Amino acid sequence: MIPLLILGLLIQNPGAHGYELLALMEKRHYQYIVSFTKGSFYYNLQQLEEKGWIEQVQQNPSTSGREIRSYKVTGSGMAEFEKLMVEYGTKSEYVNLQFYGALLFADEYDKNKLLALIQSQIDQTRARIALLDAYLSNSQELPGTIDYYRRMNENSRSHHLVNLAWFEQLKTAIEAIEGHVE
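Here my numbering runs 604 ahead of the position in the sequence shown, where the first position is 1.
Shown next as structure tokens:
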């Protein structure tokens, strides 16, 4: 998915350099869409260049004397973008929280520690909802347009609200059972 994000951002921002693209991904909270690190981002940027899907448009020395590489999408990169849009646009997968893996062995884990893990999920989910609320309160869809990014974030917020309710119910159920255990 990282190649799709990079290609899409370069189509939107031709001539951007890697740091600008990474900053856009962070500003737009793409980490909620796909897991990436700075290293994985730059690895994918390099791979896209090696495959000829992006190319450098200029090399400007910065004020610090470092070379800044700006990129644009090539013709074959546009074809790859089209292919990736179809590939990811036609996928529909189950929601799969990594927390589910830990929950498989909940009966073998200390209940107080399990409650702490669930509280961590509650705290993280509330933080994500707060970030989405901040974004959504500062943006609005213009009449006659569709702001897909806004709608995607509204959908993400809805999913987080459902997860939050589920985590809270799970915590309450465990506390109720543990309260009855001697």
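Every residue gets a Cβ at the ideal spot worked out from N, C-alpha and C, and that includes glycine. The model shown is predicted, which means the values in this text are computed figures rather than measured ones.
Please state if the CB of residue j and the CB of residue i are separated by a distance shorter than 8 Å.
{"i": "Val661", "j": "Tyr675", "result": "yes"}
{"i": "Ile658", "j": "Val677", "result": "yes"}
{"i": "Phe792", "j": "Ile733", "result": "The chain is shown from 605 up to 786; residue 792 falls before or after that span and cannot be answered."}
{"i": "Leu740", "j": "Arg755", "result": "no"}
{"i": "Leu625", "j": "Leu613", "result": "yes"}
{"i": "Arg730", "j": "Leu774", "result": "no"}
{"i": "Tyr753", "j": "Arg632", "result": "yes"}
{"i": "His764", "j": "Leu719", "result": "no"}
{"i": "Arg670", "j": "His621", "result": "no"}
{"i": "Gln725", "j": "Phe709", "result": "no"}
{"i": "Gly656", "j": "Ser680", "result": "yes"}
Is residue i helix, strand or coil by DSSP?
{"i": "Arg632", "result": "coil"}
{"i": "Ser864", "result": "For the chain, the structure presents residues 605 to 786; residue 864 sits outside this window and is missing."}
{"i": "Gln744", "result": "coil"}
{"i": "Glu659", "result": "strand"}
Need the endpoints of the alpha helix (DSSP H) that residue i sits in, please.
{"i": "Tyr704", "result": "702 to 707"}
{"i": "Glu712", "result": "That residue, Glu712, is in no alpha helix (DSSP H); it is neither H nor E in DSSP."}
{"i": "Ala683", "result": "679 to 693"}
{"i": "Ile615", "result": "606 to 616"}
{"i": "Ser644", "result": "642 to 654"}
- Can you find at least 3 beta carbon pairs, one from the region 681 to 700 and one from the region 607 to 620, that sit closer than 8 Å? Taking a cut-off of 8 Å for Cβ pairs, the region 681 to 700 and the region 607 to 620 touch, as three or more such pairs fall below it.
- Would you call the region 705 to 725 and the region 767 to 781 touching, i.e. three or more CB-CB distances under 8 Å? Flag = yes, the region 705 to 725 and the region 767 to 781 touch.
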